[in-house]
Amino acid sequence: MEHIYDKIIIGGGPAGYRAALYASRGKLDTLVIEKISAGGQMTLTGDIDNYPGFEEGIDGFLLGEKMRKCAERFGAGTQPAEVIKVDFTKKIKRLDTTAGEFYAKSVVIATGADPKRLGLPNETELIGKGVHYCAHCDGIFYKDKKVIVVGGGNSAVSEALYLSKIASKVYHVHRRNTLRAERYYYDPLVRAINVEFIRDSVLTELISDTKVVGAKVKNTNTGEIKIIDCDGVFIAIGRKPNTKFLGNAVELDQDGYIKADESTKTNVEGVFAAGDVRTKIIRQVATAVGDGAVAGTYSV
84 MEHIYDKIII GGGPAGYRAA LYASRGKLDT LVIEKISAGG QMTLTGDIDN YPGFEEGIDG
144 FLLGEKMRKC AERFGAGTQP AEVIKVDFTK KIKRLDTTAG EFYAKSVVIA TGADPKRLGL
204 PNETELIGKG VHYCAHCDGI FYKDKKVIVV GGGNSAVSEA LYLSKIASKV YHVHRRNTLR
264 AERYYYDPLV RAINVEFIRD SVLTELISDT KVVGAKVKNT NTGEIKIIDC DGVFIAIGRK
324 PNTKFLGNAV ELDQDGYIKA DESTKTNVEG VFAAGDVRTK IIRQVATAVG DGAVAGTYSV
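For the sequence shown, the working numbering assigns the number 84 to the initial residue and increments by one for each residue that follows.
As structure tokens, this is what we get:
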């Protein structure tokens with residue numbers, strides 16, 4: 084007979100390990116399946132300055148490890164593996180992973196959403212060293228410095244506006260002549276005196292030594308290359324939820340996020356979605372752990 088867990092959590096980020104903490108503390112036989120390391124996207128952030136309880140901030144990797152230990156203190160287990168396929172059609176849910184098959188009475192999906200990248204050669208190695216995907220997470224480190232924001236949607240404009248209150252100069256780069264952002268976001272940005280708009284342009288190269296010191300921006304109409312000296316680049320061209328492995332197992336919205344409200348319940352009995360992977364307005368560490376607490380409380 085295969086072992087049947089009370090609850091399996093897919094994803095070991097802040098939502099996943101908070102769900103595991105609540106579930107295991109409630110005496111449920113709980114397992115977290117995480118393909119990389121505790122913390123998820125948090126581990127790429129560097130210092131986290133906006134999570135309660137750490138007045139000096141805390142390293143994202145360290146916070147992830149602390150969350151894992153909190154859950155394991157109450158008996159939650161961790162399985163290093165990637166979930167390849169799921170079957171939620173029966174009362175007992177089956178997960179096919181790189182470490183074999185696992186079974187559970189209930190499942191929490193907490194696989195998060197990855198920021199879309201520009202695909203530049205040194206982009207990955209410069210994450211946390213001048214390349215960022217969340218101004219509200221990392222913007223404070225650029226007080227009185229020069230930054231570039233890439234993107235034209237609501238998120239990009241919101242990030243640029245937030246940074247305009249911190250940085251000395253914000254260069255807003257967008258590949259089109261007009262923004263897709265709503266006027267609610269756009270109008271205040273236009274009024275910011277330290278924001279320079281660079282339209283019909285794409286960022287083609289990150290200039291760095293051990294960290295970002297500038298970037299090359301190409302005008303898509305003229306081909307002209309402009310070099311901008313800056314201390315950081317914030318990329319806000321969208322996010323991609325990690326839901327491909329689910330197939331049609333749960334209902335998704337048009338962007339691929341799992342449809343679930345504040346209850347974290349999906350359209351499938353016994354399956355919950357917590358954190359950045361579900362449809363929601365704000366995606367932060369604090370909102371993820373809130374989801375995890377809710378999802379981890381259910382005993383079915």
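Every residue, glycine too, gets a C-beta built ideally from N, C-alpha and C.
It should be emphasised that the depicted structure is a prediction, and the values quoted were computed from it without experimental measurement.
Asked                                                                                                                        : Found
Lys327, DSSP secondary structure in three states                                                                             : helix
Rounded Cβ spacing between Lys168 and Asp179 (contact assumed at less than 8 Å)                                              : 4 Å
Coil, strand or helix - Ser251 by DSSP                                                                                       : coil
Integer-rounded CB distance, given that Arg101 should sit under 8 Å from Gly379                                              : 6 Å
Nearest-angstrom beta carbon gap, Val333 and Phe171 [assumed within contact, 8 Å]                                            : 7 Å
Sheet register partners of Pro163 (DSSP bridge)                                                                              : Glu117
Enclosing beta strand (DSSP E) for Asp221 [first to last residue]                                                            : Counting along the chain, Asp221 falls outside any beta strand (DSSP E), though it belongs to the alpha helix (DSSP H) covering Ala218 to Asp221.
The segment 344-358 contacting the segment 91-100, beta-carbon criterion three pairs below 8 Å                               : yes
Sequence ranges, alpha helix (DSSP H) only - wholly within the segment 234-309, length at least 4                            : 237-247 and 266-274
Identity of the residue in Ile192, Tyr245 and Val278 nearest Asp219 by Cα                                                    : According to the sequence displayed, residue 219 carries His and not Asp. His219 has its Cα closest to that of Tyr245, out of Ile192, Tyr245 and Val278.
Beta-carbon contacts of Gly297 that lie in its chain and below 7 Å, excluding the five residues immediately before and after : Ile290, Ile310, Ile311, Asp312 and Cys313
Segment limits, alpha helix (DSSP H) that includes Arg177                                                                    : Counting along the chain, Arg177 falls outside any alpha helix (DSSP H), though it belongs to the beta strand (DSSP E) covering Lys176 to Thr180.
Own chain residues within Cβ distance below 6 Å of Tyr216, not counting five before or after                                 : Pro198 and Ile318
Proximity below 8 Å, CB of Lys176 to CB of Gly330                                                                            : no
Cut-off 8 Å between Cβ atoms - residues of its own chain near Ser120, not counting five sequence neighbours on either side   : Gly95, Thr126, Phe144 and Gly147
Start-to-end residues for the beta strand (DSSP E) that takes in Ala356                                                      : Val354 to Ala356
For Ala106, the first and last residue of its enclosing alpha helix (DSSP H)                                                 : Pro97 to Arg108
Nearest candidate by alpha-carbon position, reference Asp374, set Ala106, Glu208 and Val273                                  : Ala106
Host alpha helix (DSSP H) of Gly375 (start-end)                                                                              : Val368 to Thr380
Beta-carbon proximity check, Thr326 vs Ile308, cutoff 8 Å                                                                    : no
Beta-ladder partner(s) of Ser189, from DSSP                                                                                  : Lys90
Cβ-based burial, Arg151 [other Cβ within 10 Å; buried from 16]                                                               : buried
Span of the alpha helix (DSSP H), counted from its first residue to its last, around Phe144                                  : Gly143 to Arg156
Gly236 versus Ile364: straight-line alpha-carbon distance, rounded                                                           : 14 Å
Enclosing beta strand (DSSP E) for Phe317 [first to last residue]                                                            : Gly315 to Ile318
Leu111 to Glu155 span [Cα, whole Å]                                                                                          : 12 Å
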